[in-house]
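Each residue of the sequence shown is one higher than the last, beginning at 17 in this note's numbering. Backbone N, C-alpha and C fix where the C-beta goes; we use that ideal spot for every residue, glycine too.
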Amino acid sequence: MASMRQDEIIEILNDWNFWKKELDTGKKRTHYIARAEAYMGSNMVLTITGARRSGKSYIMRQLARRVAERDGARNTLIVNLEDSRFAELDLPLLDAIFEAYLENLKPDMVPSVFIDEAQRVSGWERWVRTAHELRRAKIAVSGSTASIIGRDLATLMTGRHLDLTVFPLSFAEFLRFKGIEVEDRVDFASRRVEIRGMLKEYLEYGGFPEVVLSKPEVKKEILRGYFEDMTEKDIIIRHRVRNVAALRALARFYMTNVSSPMTSNSLEKFLKADAGTIDRFSSYLEDAFVVFFVRRFAHSVKPQEKSPKKVYAIDTGLCNAVGFRTGENRGKLIENAVAVELRRRVAENPSCGMYYWKGTDGKEVDFVIAEGASASQAIQVCWDISSPEAKRREVRALIRCMNELSLKEGTVITEDYEGEEDVDGKRIVYRAVGKWLLGL
């Protein structure tokens, strides 16, 4: 196929850049933009990853707009590689795009280049490395699979890129999208009933931005479409999966059984696939930000690797849209929402890890946050502690965990109960899930 002419390239680029017009940048996600700006200010390549439709493109566009306002529009270049008019996605195309930009826009400083869905061009990381090392551009790239910062980039640019993982909306962002600002506990108290209703909606439909802003009657259909795109485009096509039925069955099984411990061996009979295939498919699902796995906390690798992993969905809305619903669903959804929020917080602190704890007596604690090899938090999720026996059981496990990990304080996240008590010399803090998700 003949190479594209410069005028054809510029015509496409005009639609995605701030050179001659305003672009829709969506609702602001200030937390991500502040971090992204700081990263772009360093001599590093910024990589933006996250689930499909989680808002990466809008965040990149918001960042580009900030840079354009500061440096001038002609010193920014946005390349959307999902534009179907870019017929041949290869390295020569990236060269042609950049040269057309330089010759036609004539930037008067080192430009900032934003490449959306970079993984669509095979070998893109080599182009980025060359442009970065020759100081031809400051670069940000986005992608819907974790491997964009794994196999593709990390091997070529060790220590020369900074990673920003974008999640579906946090509960605080969700409320802002709904026009509700909660800055402190006074705000929360004054709008408690309204926020309680919003939490119910958040757990039911999740935090994908488009879903949050859509009418209730189409939310589930949109979510099912997302799930199909994630499995089809980011996994089946990308990895050339042959046993499509097993892959889809595994994905739906995980959506139905969030918060449950899993081993590949235990799933062999159900999926009619060997453990190796299940391991591979599980890694694909995690790589595409459909699910993530939480390992057991241990001071050595062997028991951690041998123990079951707990599975969580990247968004509770996906669970409800494609998973099988049960009567026990609400407790699992709250635990999943807590897991995603912890994952979001841990992603901002590379020294932290997220685990679950299980004692030799079988008692379990849902989450342990560790800094290096030392545990810093133990968190139990028990949405309904109205039963004295249920409360006693959950606290007993938490105390056992705290004793083993030398922690003085533990947290129990509930549906709406709050309080504190000392048990066996340990401080137990009860937090309502809504406040905890908001960091209040």
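In angstroms, rounded to a whole number, what distance separates the CA positions of G450 and P225?
Within the sequence shown, the letter at position 434 stands for residue 450. Within the sequence shown, the letter at position 209 stands for residue 225. The straight-line gap from Cα to Cα measures roughly 19 Å.
Hey, quick one: how far does the beta strand (DSSP E) through E436 stretch, first residue to last?
Position 420 of the sequence shown holds residue 436. Segment G435 to V439, the beta strand (DSSP E) holding E436.
When DSSP builds the beta bridges, which residues end up paired with A156?
As a working note, residue 156 is residue 140 in the sequence shown. Answer by DSSP bridge pairing, in chain order: L62 and F130.
Between I26 and the rest of its own chain, which residues show a CB-CB distance below 7 Å, the 5 nearest in sequence each way excluded?
Position 10 of the sequence shown, counted from the start, is the residue given in the question as residue 26. Excluding positions up to five away in sequence, the list reads A116 and N120.
Pick helix, strand or coil for V449, following the three-state DSSP scheme.
To locate residue 449, count along the sequence shown from 1; it is residue 433. Note: V449 maps to helix in three-state DSSP.
Buried or exposed, going by whether 16 or more other CB atoms sit within 10 Å of the CB of V144?
Position 128 of the sequence shown, counting from 1, holds the residue named residue 144. In this structure V144 is buried. Its beta-carbon is surrounded by 16 or more other beta-carbon atoms within 10 angstroms.
Could you check if I75 is buried or exposed, using at least 16 other CB atoms within 10 Å of its CB as the buried criterion?
Stepping through the sequence shown from its first residue, residue 75 is reached at position 59. By the neighbour-count rule (16 or more Cβ atoms within 10 Å), I75 is buried.
Between A394 and V381, is the Cβ-Cβ spacing less than 8 Å?
Here residue 394 corresponds to residue number 378 of the sequence shown, with the count starting at 1. Here residue 381 corresponds to residue number 365 of the sequence shown, with the count starting at 1. Result yes, Cβ atoms of A394 and V381 sit closer than 8 Å.
Which partner residues does N96 have in the DSSP bridge list?
Numbered from 1 along the sequence shown, position 80 holds the residue referred to as residue 96. The partner list for N96 (beta bridge, DSSP) reads D132.
Give the straight-line distance between the Cα atoms of K44 and G223, rounded to the nearest whole angstrom.
To locate residue 44, count along the sequence shown from 1; it is residue 28. To locate residue 223, count along the sequence shown from 1; it is residue 207. About 15 Å.
First and last residue of the beta strand (DSSP E) that includes G426?
As a first step, residue 426 is located in the sequence shown; it is residue number 410 there, counting from the start. Counting along the chain, the beta strand (DSSP E) containing G426 begins and ends at E425 to T430.
Taking the C-alpha atoms as reference points, what is the distance between S19 and L97?
Looking up residue 19 in the sequence shown gives position 3. Looking up residue 97 in the sequence shown gives position 81. So the alpha carbons of these two residues sit roughly 16 Å apart.
Between which two residues does the beta strand (DSSP E) carrying G369 extend?
Taking the first residue of the sequence shown as 1, we reach residue 369 at position 353. It spans C368 to K374 - the beta strand (DSSP E) in which G369 sits, taken as one unbroken run.
Return the Cβ separation of R81 and F34 in integer angstroms, given the expectation that the two are a contact with Cβ distance under 8 Å.
By one-based count along the sequence shown, residue 81 stands at place 65. By one-based count along the sequence shown, residue 34 stands at place 18. Right, the Cβ-Cβ distance comes to about 6 Å (below 8 Å), so this counts as a contact.
Checking 8 Å against the spacing of the C-beta atoms, do V338 and V307 come in under that value?
Residue mapping note: residue 338 aligns to position 322 of the sequence shown, counting from 1. Residue mapping note: residue 307 aligns to position 291 of the sequence shown, counting from 1. For V338 and V307, no; Cβs fall outside 8 Å.
By alpha-carbon positions, which one of L62, V137 and Y48 ends up nearest to R254?
On the sequence shown, position 238 is the one that residue 254 refers to. The residue with the shortest Cα to Cα distance from R254 is V137.
Using the C-alpha atoms, what's the distance from E104 back to M17?
As a working note, residue 17 is residue 1 in the sequence shown. As a working note, residue 104 is residue 88 in the sequence shown. Residue placement at M17 cannot be trusted, given a pLDDT of 46 that sits under 50; the coordinates are not used to answer.
Within a Cβ cutoff of 6 Å, which residues of the same chain sit near L283, ignoring the five residues on either side of it in sequence?
Translated into positions along the sequence shown, residue 283 becomes position 267. Contacts found: I294.
Going by the DSSP bridge assignment, what does T332 pair with across the sheet?
Indexing the sequence shown from 1 puts residue 332 at position 316. Bridge partners of T332: none, in fact.
For S70, does the three-state DSSP call read helix, strand or coil?
Against the sequence shown, residue 70 aligns to sequence position 54. In this structure, S70 counts as coil in the three-state DSSP scheme.
Please classify D440 as buried or exposed, where buried requires at least 16 neighbouring CB atoms within 10 angstroms.
Sequence index remark: in the sequence shown, residue 440 carries index 424 (1-based). D440 should be labelled exposed.
Distance check for V227 and F193, CA to CA, integer angstroms please.
Translated into the one-based positions of the sequence shown, residue 193 becomes position 177. Translated into the one-based positions of the sequence shown, residue 227 becomes position 211. So the alpha carbons of these two residues sit roughly 11 Å apart.
With S275 and N352 assumed to form a contact (beta carbons below 8 Å), what rounded beta-carbon distance in angstroms separates them?
Working through the sequence shown from its first residue, we reach residue 275 at position 259. Working through the sequence shown from its first residue, we reach residue 352 at position 336. Their Cβ separation, rounded to whole angstroms, is 6 Å, which keeps S275 and N352 in contact under 8 Å.
Rounded to whole angstroms, what's the CA-CA distance from S100 to L110? Just pull it up for me.
The residue labelled residue 100 in the question sits at position 84 within the sequence shown. The residue labelled residue 110 in the question sits at position 94 within the sequence shown. The alpha-carbon of S100 is positioned some 15 Å away from that of L110.
On the three-state DSSP scale, how would you describe A394?
Looking up residue 394 in the sequence shown gives position 378. A394 falls in the strand class under three-state DSSP.
On the premise that T430 lies in contact with W399, defined as a C-beta separation below 8 Å, what is that separation, rounded to the nearest angstrom?
Here residue 399 corresponds to residue number 383 of the sequence shown, with the count starting at 1. Here residue 430 corresponds to residue number 414 of the sequence shown, with the count starting at 1. Contact holds; Cβ gap of about 6 Å.
When the distance is taken between beta carbons, is L334 closer than 8 Å to F5?
Nothing can be reported for residue 5: it is not among the residues displayed for the chain, which extend from 17 to 456.
Could you spell out where the alpha helix (DSSP H) holding A386 opens and where it closes?
Locating residue 386 in the sequence shown gives position 370, counting from the first residue. No alpha helix (DSSP H) holds A386; the beta strand (DSSP E) holding it covers E380 to E387.
If you measure between the beta carbons of P184 and D290, is that distance less than 8 Å?
Working through the sequence shown from its first residue, we reach residue 184 at position 168. Working through the sequence shown from its first residue, we reach residue 290 at position 274. No; because the gap between Cβ atoms is not below 8 Å, this pair is not in contact.
Starting from the Cα of F187, find the closest Cα among E217, S206 and L180 and give me that residue.
By one-based count along the sequence shown, residue 187 stands at place 171. That would be E217, whose Cα lies nearest to the Cα of F187.
Pop quiz: F313 and V397 are said to be a contact at Cβ under 8 Å. What is the actual Cβ separation, rounded to whole angstroms?
The count along the sequence shown starts at 1 and reaches residue 313 at position 297. The count along the sequence shown starts at 1 and reaches residue 397 at position 381. In fact, because the Cβ distance is near 16 Å, the residues do not count as touching under 8 Å.
I need the DSSP call for I4, collapsed to helix, strand or coil.
Outside the displayed span of the chain (17 to 456) sits residue 4, for which this structure offers no information.
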